[in-house]
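Protein chains in written order, with UniProt numbering: chain A, 1 to 235; chain B, 1 to 235.
We treat Cβ as the ideally placed atom computed from N, Cα and C, and that holds for glycine.
Report on the structure given below.
There are 2 protein chains.
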Amino acid sequence: MNLLLLEDGDFIAADRVRLSGRRLTHLNDVHRAENGDTLRVGRLGGQMGRGQLLQLDATSAELQVAFDQPPPAKLPITLLLALPRPKMLKRVLQSVSAMGVPRLVLLNSYRVEKSFWQTPFLEPEAIREQLILGLEQARDTVLPEVIIEKRFKPFVEDRLPQLAAGTLGLTGHPGDYPACPRAVQQSVTLAIGPEGGWIPYEVDKLAEAGLKPVQLGERILRVETAVTALLARLF
Amino acid sequence: MNLLLLEDGDFIAADRVRLSGRRLTHLNDVHRAENGDTLRVGRLGGQMGRGQLLQLDATSAELQVAFDQPPPAKLPITLLLALPRPKMLKRVLQSVSAMGVPRLVLLNSYRVEKSFWQTPFLEPEAIREQLILGLEQARDTVLPEVIIEKRFKPFVEDRLPQLAAGTLGLTGHPGDYPACPRAVQQSVTLAIGPEGGWIPYEVDKLAEAGLKPVQLGERILRVETAVTALLARLF
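Dropping the structure here:
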């Protein structure tokens, strides 16, 4: 937790917050914070700044806070991701949020196991929890938008062309394709497949919607690693 | 497991292997392989090729194998990593192996908790297990070398200058430093700090040994994410 992220409900005055629960435990057990300590704080969806601990014990913490800095810029990207297995989903949500992706579409694919759509980690509260962890890690305050698309074809045919219009459209896919470009200066729409990859039909449909296949070399990377590697290369 | 990795002890003839244990379970439960199926195989430290399942049941599998392809090239890098916490260490070892890092130095740092050095995940067999998982993921056969350096100062003063000689020496560190270079055409020695970062003394000592600080932006990334992002950007 490199940033103490504050929500509206935490505020007991315009410049004062009271915390309990997970963040309090973290302050006590991990930060080993003490009265008078100054911490980096951010207001969810708003600015970042500093907070001074006025009071801290096992049941609550109070801080005086001031905000004076904008959060870091997001990456100019919409990321489409074939729904990963639940354990990977949690980590990917954190990574995506930490790296500054503003919009994530979780998409079905032939190789996504049907059971993955049943996971409780897809509940809005569970998604939000992982995104918050990513913001706290990276020091950002703005939650990414997460869109869930359980049907590949209608999404790719009807909505993706509009979503990708005016952007550099790319599908990460191993094979005999051009290498993923570096340090691009425009907005990107990037699709990353499931373990085992997109099937050829899906690669074709994504290309029809404007997302051309690019590759990252002959090594097959886990989804989480591929997401990070592609983002680091593109921007 | 995108590659079935074979070791000397698996061979019952020059072109024939018998498997049990983890890989057998994986063939049965994950691949749901059947007699006659053809799988990608690799010989640990050697070539890659194809194997055909001659026999498969709950107790063993036999394959006829042929090797005709070299493993993918490694990245021209020596990676120095402040020892991460045990859970992260496991994942980092897999990533590093999957991404093709040929040599990893696990190093002490002021912000590495002493208890991290006690983890059973640092036993040679435990390290090897994670590296093997990375090779199976990425389709590679050559284990990275892992060097453990429990003392920062003697390593950085006495051994690092020689290790880094003739390479581009870099320390990944947030701050007012040049951006990490992209698509470099030379060998690299890269140091990545612990959660919380290197302390200034360590940044100075690494710089004296030839590793100049570079940054990846204002977002603070988890160690595993930083490793992947820096490698993807450098190569």
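Please list, in chain order, the chain A residues whose beta carbon lies closer than 7 Å to that of residue 95 (chain B).
Here the neighbours are 225.
According to a CB-to-CB cut-off of less than 9 Å, which residues of the segment 109 to 123 of chain B neighbour chain A?
So nothing in the stretch comes that close.
How would you call residue 117 (chain A), buried or exposed, if buried means at least 16 neighbouring beta carbons within 10 angstroms?
Burial call: exposed.
Please list the residues of the segment 42 to 58 of chain A that have a C-beta atom closer than 8 Å to any C-beta atom in chain B, keeping them in chain order.
Result list empty, no residue passes.
Could you give the residue range of the alpha helix (DSSP H) that holds residue 208 (chain A)?
Note, residue 208 (chain A): alpha helix (DSSP H), 200 to 208.
Check for me: the beta strand (DSSP E) holding residue 225 (chain B) runs from which residue to which?
Here residue 225 (chain B) belongs to no beta strand (DSSP E); instead the alpha helix (DSSP H) covers 223 to 234.
Going by DSSP, what residues sit across from residue 113 (chain B) in a beta bridge?
For residue 113 (chain B), which the question treats as bridged, DSSP gives no partner whatsoever.
Under a CB-based cut-off of 8 Å, is residue 213 (chain B) close to chain A?
No - not a single Cβ of chain A is within 8 Å of the one on residue 213 (chain B).
So residue 134 (chain A) is in the alpha helix (DSSP H); what residue range does that whole segment cover?
Here the alpha helix (DSSP H) through residue 134 (chain A) covers 124 to 138.
Where residue 173 (chain B) and residue 106 (chain A) are concerned, what is the direct C-alpha to C-alpha distance, given to the nearest angstrom?
Taking the straight line from one Cα to the other gives about 32 Å.
By how many angstroms is the C-alpha of residue 193 (chain A) removed from the C-alpha of residue 149 (chain B)?
So the two alpha carbons sit approximately 38 Å from each other.
In chain order, what residues of the same chain have a beta carbon less than 6 Å from the beta carbon of residue 61 (chain B), not counting five sequence neighbours either side?
19, 24 and 27.
When you compare only the Cα positions, how much space is there between residue 46 (chain B) and residue 68 (chain B)?
C-alpha separation (whole angstroms): 10 Å.
Within this structure, are the beta carbons of residue 53 (chain B) and residue 37 (chain B) separated by less than 8 Å?
Yes.
Where does the unbroken beta strand (DSSP E) through residue 150 (chain A) begin, and where does it stop?
Residue 150 (chain A) -> no beta strand (DSSP E), and no H or E assigned at all.
Taking the C-alpha atoms as reference points, what is the distance between residue 131 (chain A) and residue 75 (chain A)?
One C-alpha to the other measures close to 15 Å.
Going by DSSP, name the residue or residues bridged to residue 119 (chain A).
In DSSP, residue 119 (chain A) forms no bridge with anything.
Which chain E residues are close to residue 140 (chain B), counting only those with a beta carbon under 8 Å from its beta carbon?
Absent from the structure is chain E; the protein chains it does hold are A and B.
Can you tell me whether residue 32 (chain B) is helix, strand or coil according to DSSP?
Three-state result, residue 32 (chain B): coil.
Just the Cα atoms here: how many angstroms apart are residue 179 (chain B) and residue 232 (chain A)?
Near 12 Å, if we compare the C-alpha coordinates of residue 232 (chain A) and residue 179 (chain B).
Answer yes or no: does any C-beta atom of chain B fall closer than 8 Å to that of residue 186 (chain A)?
Closer than 8 Å: no.
Assuming residue 84 (chain B) is part of the beta strand (DSSP E), what are its boundary residues?
Looking at the DSSP string, residue 84 (chain B) is not in any beta strand (DSSP E), and its letter there is neither H nor E.
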